[in-house]
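Colleague: Here it is, the structure, as C-alpha cells.
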Amino acid sequence: MEIVCQSERLLARRWREDDAETLYAIYREPKVVEFLGVAPTPSLEVQRERIPGLLRTYERYGEGFGVWAMQRKEDGVVVGTIMLKHLPYDKEQLSEHIEIGWHLGVPHWGQGYATEMAEAMLAYGFKRQGCHEIHCVVEPGNDRSVAVAKRLGMTELERTTKYYDGLELHHLLMTKEAWSALHTPT
Ligand SMILES: CC(C)(COP(=O)(O)OP(=O)(O)OC[C@H]1O[C@@H](n2cnc3c(N)ncnc32)[C@H](O)[C@@H]1OP(=O)(O)O)[C@@H](O)C(=O)NCCC(=O)NCCS
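Read the sequence shown against our numbering and you will find it ends at 180, with the numbers running on by one and no gaps.
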C-alpha cells in the first residue's frame, strides 16, 4: 500500500475497488453530505458504480493530488476522506488553486481525526507538492468544518463565489509562509 502522508494515528492512501462498502457507510449518511451539495448515496450498488470515477480523479488532478481514504493505523479502519486537489470553477474547469478538504464517517466525529490528518496533508502540500498556498472552501452553516480550518491556523478571507459554480462559500487560506511560521520551533 502506498502511503500519501501520515500522522500519529492516521494515514492517507488511494481509494480502491474494494472500498465500496466503506464509502457507502460514510456517504449514505445525511449528516455527512448536508453541506456537500450532493444527496446521500442511495445504495451500495450506486456506490460501486461510482468507484471508477473516483479512481479516475488520480489522473484528473495529476501526480500527487487527489481524494484519498483516511485510514486509522491501529486497526486499518477507514474513518473518512482527505483531499488535496485543484479547486473547480465548475464541473468542467479546474482552477490552478489547490484546496484541502475532509469528510469523516459520523461515528468518527469528535476525535480530532480531521484536524490531525489535515495537518499532515498541509505538510505534504507545502513540503512535497511545492504548493505556495492552500485554500479551503466551506458552505455557510458548516461550522464544524470551519472549526477544523481555524484549528489548523488558516486565515478566513471574504466569502467567495469564484468556485463550485458560483456558490457562496467561506474562504480560508494557508500560505506557505504562514504555515512555515507556525511550524518553526521557537
Ligand atoms: C467537518 C468534519 C470533518 C469535522 O469533524 P470533527 O470531528 O468536528 O473535527 P475533528 O476530527 O478535527 O475533531 C475535533 C473534535 O474532536 C475533539 N477531540 C477528541 N479527541 C481528540 C484528540 N485526541 N485530538 C484532538 N481533538 C480531539 C476536539 O476537542 C474537537 O471537539 P469539539 O468539536 O467538541 O470542539 C465532520 O463534521 C464531517 O465529516 N462533516 C461532514 C463532511 C463535511 O461537511 N466536510 C467539510 C466540507 S467543507
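Beta carbons: idealized from backbone N, C-alpha and C, even for Gly.
1) Sort Ala112, Tyr52 and Phe120 by Cα distance to Ser1 and report the nearest one.
2) Going by DSSP, name the residue or residues bridged to His97.
3) Give a single yes or no on whether Ala108 has its beta carbon closer than 6 Å to a heavy atom of ligand 1.
4) Taking all protein chains shown into account, do 16 or more other C-beta atoms lie within 10 angstroms of the C-beta of Val40, making it buried, or fewer, making it exposed?
5) Answer with yes or no whether the minimum CB distance from Leu161 to chain D is below 7 Å.
6) Please tell me whether, using a cut-off of 6 Å, the distance from the CB of Trp62 to the nearest non-hydrogen atom of ligand 1 is below it.
7) Give the range of the beta strand (DSSP E) segment to which Glu150 is assigned.
8) Pick from Leu78, Val27 and Asp69: whose alpha carbon is nearest that of Arg122?
9) Which class does Arg22 belong to by DSSP, given the choice of helix, strand or coil?
10) Assign Gly31 to buried or exposed, taking buried as 16 or more other Cβ atoms, counted over all protein chains shown, within 10 Å of its Cβ.
11) Would you say Gln0 touches ligand 1, meaning its beta carbon is less than 6 Å from a heavy atom?
12) Over what stretch of residues does the beta strand (DSSP E) that includes Arg8 continue unbroken?
13) Tell me whether Val26, by its Cβ, gets closer than 6 Å to a heavy atom of ligand 1.
14) Could you name the residues that DSSP lists as bridge partners for Arg66?
15) Would you say Val142 and Ala175 are within 7 Å of each other, going by their C-beta atoms?
16) Is the separation between the beta-carbon of Leu146 and that of Arg66 shorter than 7 Å?
17) Nearest to His97 by alpha carbon, out of Cys(-1), Arg10, Glu171 and Pro24?
18) CA-CA distance, His80 and Gly56?
19) Taking Cβ to Cβ, would you say Asp84 is nearer than 7 Å to Asp159?
Modeller: Reading off the structure:
1) Residue numbering aside, residue 1 sits at position 7 when the sequence shown is read from its first letter. Per the Cα distances, Ala112.
2) The residue given as residue 97 occupies position 103 in the sequence shown. Per DSSP, Thr75.
3) The residue given as residue 108 occupies position 114 in the sequence shown. Flag set: Cβ of Ala108 near ligand 1.
4) As a position in the sequence shown, residue 40 is number 46, starting the count at 1. Per the 10 Å Cβ criterion, exposed.
5) Annotation note: the requested chain D is absent from the structure, which comprises a single protein chain.
6) Here residue 62 is taken as the residue at index 68 of the sequence shown, counted from 1. Outside the cutoff, so no.
7) Indexing the sequence shown from 1 puts residue 150 at position 156. Note, Glu150: beta strand (DSSP E), Thr149 to Thr154.
8) Numbered from its first residue, the sequence shown carries residue 122 at position 128. Taking only the C-alpha atoms, the option nearest Arg122 is Leu78.
9) Along the sequence shown, read from residue 1 onward, the residue named residue 22 stands at position 28. In this structure, Arg22 counts as coil in the three-state DSSP scheme.
10) By 1-based counting over the sequence shown, the position of residue 31 is 37. Classification of Gly31: exposed, given that the 10 Å Cβ count is below 16.
11) Locating residue 0 in the sequence shown gives position 6, counting from the first residue. No, the beta carbon of Gln0 sits no closer than 6 Å to any heavy atom of ligand 1.
12) For the purposes of this step, residue 8 is taken as the residue at position 14 of the sequence shown. Counting along the chain, the beta strand (DSSP E) containing Arg8 begins and ends at Leu4 to Arg8.
13) Taking the sequence shown and counting its residues from 1, one reaches residue 26 at position 32. Flag set: Cβ of Val26 near ligand 1.
14) Counting from 1 along the sequence shown, the entry for residue 66 is found at position 72. In DSSP, Arg66 forms a bridge with Leu4.
15) Within the sequence shown, numbered from 1, the residue matching residue 142 stands at position 148. Within the sequence shown, numbered from 1, the residue matching residue 175 stands at position 181. No, these two residues do not count as a Cβ contact at 7 Å.
16) Within the sequence shown, residue 146 is the residue found at index 152, counting from 1. Within the sequence shown, residue 66 is the residue found at index 72, counting from 1. In this structure, Arg66 does not lie closer than 7 Å to Leu146 by Cβ.
17) Along the sequence shown, read from residue 1 onward, the residue named residue 97 stands at position 103. Nearest option by C-alpha distance: Pro24.
18) Within the sequence shown, residue 80 is the residue found at index 86, counting from 1. Within the sequence shown, residue 56 is the residue found at index 62, counting from 1. Roughly 9 Å between the two C-alpha positions.
19) Counting from 1 along the sequence shown, the entry for residue 84 is found at position 90. Counting from 1 along the sequence shown, the entry for residue 159 is found at position 165. In this structure, Asp159 lies closer than 7 Å to Asp84 by Cβ.
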